[in-house]
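Enquirer:
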Amino acid sequence: MLVSAKEMLIKAKEGHYAVGQFNINNLEWTKAILQTAQEMNSPVILGVSEGAGKYMCGFKTVADMVKAMIDELKITVPVALHLDHGTYEACYKCIDAGFSSIMFDGSHYPIEENVAKTKELVKVCEEKGMSLEAEVGSIGGEEDGVVGMGECADPNECKMIADLGVNMLAAGIGNIHGKYPANWPGLSFETLAAVSEKVGKMPLVLHGGTGIPADMIQKAISLGVSKINVNTECQLAFAAATRSYVEAGKDLEGKGFDPRKLLAPGVEAIKATVREKMELFGSVNKA
Ligand code: 13P
Numbered sequence: 111m112l113v114s115a116k117e118m119l120i121k122a123k124e125g126h127y128a129v130g131q132f133n134i135n136n137l138e139w140t141k142a143i144l145q146t147a148q149e150m151n152s153p154v155i156l157g158v159s160e161g162a163g164k165y166m167c168g169f170k171t172v173a174d175m176v177k178a179m180i181d182e183l184k185i186t187v188p189v190a191l192h193l194d195h196g197t198y199e200a201c202y203k204c205i206d207a208g209f210s211s212i213m214f215d216g217s218h219y220p221i222e223e224n225v226a227k228t229k230e231l232v233k234v235c236e237e238k239g240m241s242l243e244a245e246v247g248s249i250g251g252e253e254d255g256v257v258g259m260g261e262c263a264d265p266n267e268c269k270m271i272a273d274l275g276v277n278m279l280a281a282g283i284g285n286i287h288g289k290y291p292a293n294w295p296g297l298s299f300e301t302l303a304a305v306s307e308k309v310g311k312m313p314l315v316l317h318g319g320t321g322i323p324a325d326m327i328q329k330a331i332s333l334g335v336s337k338i339n340v341n342t343e344c345q346l347a348f349a350a351a352t353r354s355y356v357e358a359g360k361d362l363e364g365k366g367f368d369p370r371k372l373l374a375p376g377v378e379a380i381k382a383t384v385r386e387k388m389e390l391f392g393s394v395n396k397a
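Okay, so the sequence shown: first residue is 111 according to our numbering, each after it adds one.
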């Protein structure tokens with residue numbers, strides 16, 4: 111069932127667990143995540159970055175594929191289709207394409223402009239029954255080989271953006287996208303606690319879920335995180351499983367070159383990763 115992320119995140123916040131956002135790249139990814147969510151009876155959020163949207167032939171192709179898959183695979187758990195780190199323009203493209211949720215990443219705009227654009231999108235999303243995520247304090251990561259440390263959001267700024275009526279808020283707490291460097295100091299729980307106190311019931315989003323140790327994830331959930339984004343970890347699992355298959359020469363045996371066989375170990379690896387995360391986040395049987 112395609113729904114906005116609003117209700118599932120209110121429930122998660124009240125129930126002290128988190129819903130996973132897993133980014134999708136193609137048909138195999140989407141199918142693996144949807145099937146695992148159904149099997150685990152868990153709500154799920156499919157994340158689509160602008161780059162992934164382009165790769166999959168545009169947001170309309172993605173939305174139509176996801177809707178058709180939900181139907182054909184008889185997926186009854188709540189599924190949100192969410193634009194990840196959207197520009198202002200991409201937000202409108204996804205609204206038109208039939209997404210159920212968007213993230214407007216206005217963190218690089220001056221705060222006044224971020225506020226004005228967020229306000230406008232709050233209104234549009236309300237009219238369309240969609241959910242909206244905003245970001246305060248940019249979330250670092252690898253860019254051109256340089257790993258930037260994650261910023262910590264200003265709790266007062268978080269409160270101001272939360273009060274605009276968004277449904278979820280990504281606050282930087284030292285988290286970054288991709289693999290964490292060896293000298294990463296860990297999440298700033300001090301920032302998270304201060305943000306949580308300011309924003310009250312607002313579900314908080316933790317980006318850069320890959321590689322955050324389980325105890326830090328649990329502590330983050332206990333301090334108000336209700337949505338956790340995971341992307342790189344599924345990619346690493348897929349690549350490792352595909353590598354083993356090829357290195358074992360299985361693509362050279364019989365019809366092992368058939369993409370349905372060649373990609374199967376990678377798909378199983380994505381499913382195992384998603385299963386493990388859903389257990390850790392506590393969303394199993396919360397559909
Ligand atoms: P990772 O790739 O580090 O898991 O981050 C995912 C993410 O935050 C997507 O917005």
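Note that the Cβ used here is the ideal one computed from N, Cα and C, for glycine as well.
Just so you know, these numbers come straight off a predicted model, no measurement behind them.
Considering only the alpha carbon of each residue, which of N285, E230, S211, V234 lies closest to V246?
Expert: N285
Enquirer: Look at the Cβ atom of A115, then the Cβ atom of M278, and state whether they are nearer than 8 angstroms.
Expert: yes
Enquirer: Relative to the alpha-carbon of Y355, which residue among A379, Y202, T140 has its alpha-carbon at the smallest distance?
Expert: Measuring C-alpha to C-alpha distances from Y355 to each of A379, Y202, T140 identifies A379 as the nearest.
Enquirer: Do the segment 317 to 328 and the segment 351 to 371 touch if we need at least three Cβ pairs shorter than 8 angstroms?
Expert: Judged by Cβ distances under 8 angstroms, the segment 317 to 328 makes no contact with the segment 351 to 371, as fewer than three pairs qualify.
Enquirer: Classify V276 as helix, strand or coil using the three-state DSSP reduction.
Expert: coil
Enquirer: What is the residue span of the beta strand (DSSP E) that F214 lies within?
Expert: 211 to 214
Enquirer: Quick check on DSSP: helix, strand or coil for I249?
Expert: Residue state, collapsed to three classes: coil.
Enquirer: The ligand 13P heavy atoms versus the CB of E343: any closer than 7 angstroms?
Expert: yes
Enquirer: Taking the alpha-carbon positions, what's the L231 to L242 distance?
Expert: 8 angstroms
Enquirer: Identify the continuous alpha helix (DSSP H) that holds G163 and give its terminal residues.
Expert: G163: member of the alpha helix (DSSP H) spanning 160 to 165, first to last residue.
Enquirer: Whole-angstrom Cβ separation of N339 and L302, contact assumed at under 8 angstroms?
Expert: About 15 angstroms separates the two Cβ atoms, so there is no contact after all.
Enquirer: Please report the straight-line C-alpha distance between I283 and L333, rounded to a whole angstrom.
Expert: 12 angstroms
Enquirer: Using C-beta distances below 6 angstroms, list every residue in its chain close to K229, excluding the 5 sequence neighbours before and after it, in chain order.
Expert: L274
Enquirer: Bridge partners for E243 per DSSP, in chain order?
Expert: M213, M278
Enquirer: Any chance the CB of D94 is under 7 angstroms from a heavy atom of the ligand 13P?
Expert: Because the chain in this structure spans residues 111 to 397, residue 94 falls outside the shown range and cannot be described.
Enquirer: From the DSSP secondary-structure annotation, give me the bridge partner or partners of N133.
Expert: G157
Enquirer: Name the residue from S210, G239, Y202 whose alpha carbon lies nearest to the alpha carbon of K227.
Expert: Measuring from the Cα of K227, the nearest candidate turns out to be Y202.
Enquirer: Provide the residue span of the alpha helix (DSSP H) that contains N341, from first to last.
Expert: Run containing N341: none; DSSP gives neither H nor E here.
Enquirer: So, helix, strand or coil for C125, using DSSP?
Expert: Contrary to the premise, residue 125 reads as Gly rather than Cys in this sequence. Correct three-state label for G125: helix.
Enquirer: At which residue ranges does the segment 314 to 387 contain complete alpha helix (DSSP H) runs of 4 or more residues, listed in the order of the chain?
Expert: 324 to 332, 342 to 357, 369 to 372
Enquirer: I believe V172 touches G163 by the beta-carbon criterion, under 8 angstroms. Please report the beta-carbon distance rounded to the nearest angstrom.
Expert: 6 angstroms
Enquirer: In whole angstroms, what is the alpha-carbon distance linking E199 and G359?
Expert: 45 angstroms
Enquirer: Name the one or two DSSP bridge partners that V189 has.
Expert: L112, V154
Enquirer: Around the C-beta of M105, are 16 or more other C-beta atoms found within 10 angstroms, so that it is buried, or is it exposed?
Expert: What the structure shows of the chain is the stretch from 111 to 397, and residue 105 is not part of that stretch, so it cannot be assessed.
Enquirer: Is the beta carbon of V384 closer than 8 angstroms to that of I143?
Expert: yes
Enquirer: Just checking, does the segment 114 to 130 make contact with the segment 206 to 214 on the three C-beta pairs under 8 angstroms criterion?
Expert: yes
Enquirer: Confirm the yes/no value for this check: CB of H287, any heavy atom of the ligand 13P, distance under 7 angstroms.
Expert: At least one heavy atom of the ligand 13P is found less than 7 angstroms from the C-beta of H287.
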